[in-house]
Amino acid sequence: MPGTLYVINGPNLNLLGAREPEKYGTSTLADVEALCRDAAGRNGYAVEFRQSNREGELVDWIQQAGRERAAGIVLNAAAYTHTSVAILDAIAAVGVPTVEVHVTNIHAREPFRHKSYVSMAAKGLVCGFGIYGYALAIDGLAALLKAGRN
Ligand code: CA2
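Numbering-wise (my numbering), the sequence shown opens with residue 14 and increments by one.
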């Protein structure tokens, strides 16, 4: 029974396409949103697409996804990935299947990016595929949900 997927983006991802194109590419967050709507639509899901630079707001949205019985969450917590026990606790608390996504391959970058708190509660992780990782995450999440592995 499809429903809504929350796609939640963390700090500085509003700068996609405007800064550091050699690292993060030239696509904007609006392009990411369009990609997500397309991938979700192909799988029969609606999308709630959000971005915030504030940790607490990300926690609030994860809780909202739980309250509204979202089918799943695709989460790029950006720098909070590597620091936030609050976000880890929120994912674990709401029990909404969550797939972690990163534009870059965090394991090929600085050692402090190799640790992900989000991974401890996520069903899966997609990283290193640029913004296409969001579509891969949505396809993977839809496959898990269809198979009842959530
Ligand atoms: O690769 C990713 O998606 C990251 O989540 C991006 C975060 C970084 O802290 C993570 O380690 C990996 C940084 C997001 C900043 O996004 C920008 C985009 C364009 C220009 C500047 C920053």
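A virtual CB, placed ideally from N, CA and C, is assigned to each residue, including glycine.
For residue i, the residue or residues it bridges with in DSSP
| i | result |
| --- | --- |
| Val72 | None; Val72 has no bridge partner. |
| Phe62 | Val20 |
| Leu138 | Glu113 |
| Val13 | Because the chain spans 14 through 163 in this model, residue 13 falls outside it and cannot be assessed. |
Continuous beta strand (DSSP E) stretch holding residue i: start and end
| i | result |
| --- | --- |
| Leu18 | 17-22 |
| Glu81 | No beta strand (DSSP E) contains Glu81, which DSSP labels as neither H nor E. |
Cβ-Cβ separation, residue j to residue i (assumed contact under 8 Å), whole Å
| i | j | result |
| --- | --- | --- |
| Gly23 | Ser65 | 7 Å |
| Ala47 | Ala53 | No, Ala47 and Ala53 are not in contact; Cβ-Cβ is about 11 Å, not under 8 Å. |
| Ile21 | Ile86 | 6 Å |
| Ile119 | Ile75 | Contact doesn't hold; Cβ gap of about 20 Å is too wide. |
| Ala78 | Val107 | 6 Å |
| Ala90 | Ile100 | 5 Å |
| Asp152 | Asn56 | 7 Å |
| Thr111 | Lys136 | 6 Å |
Secondary structure of residue i, DSSP reduced to three states
| i | result |
| --- | --- |
| Leu101 | helix |
| Tyr93 | helix |
| Lys28 | Note that residue 28 is Leu in the sequence shown here, rather than Lys. Of the three classes helix, strand and coil, the one that applies to Leu28 here is helix, per DSSP. |
| Gly146 | helix |
| Arg67 | coil |
| His165 | The question about residue 165 has no answer, for the chain in this structure spans 14 to 163. |
| Ala156 | helix |
Residue i: first and last residue of the uninterrupted alpha helix (DSSP H) it sits in
| i | result |
| --- | --- |
| Arg55 | 42-55 |
| Glu33 | No alpha helix (DSSP H) holds Glu33; DSSP gives it neither H nor E. |
Q | Residues passing the C-beta test against the ligand CA2 heavy atoms, cut-off 6 Å | A | Asn25, Leu26, Leu28, Leu29, Arg32, Glu33, Tyr37, Asn89, Ala91, Ala92, Thr94, His115, Val116, Thr117, Ile119, Arg126
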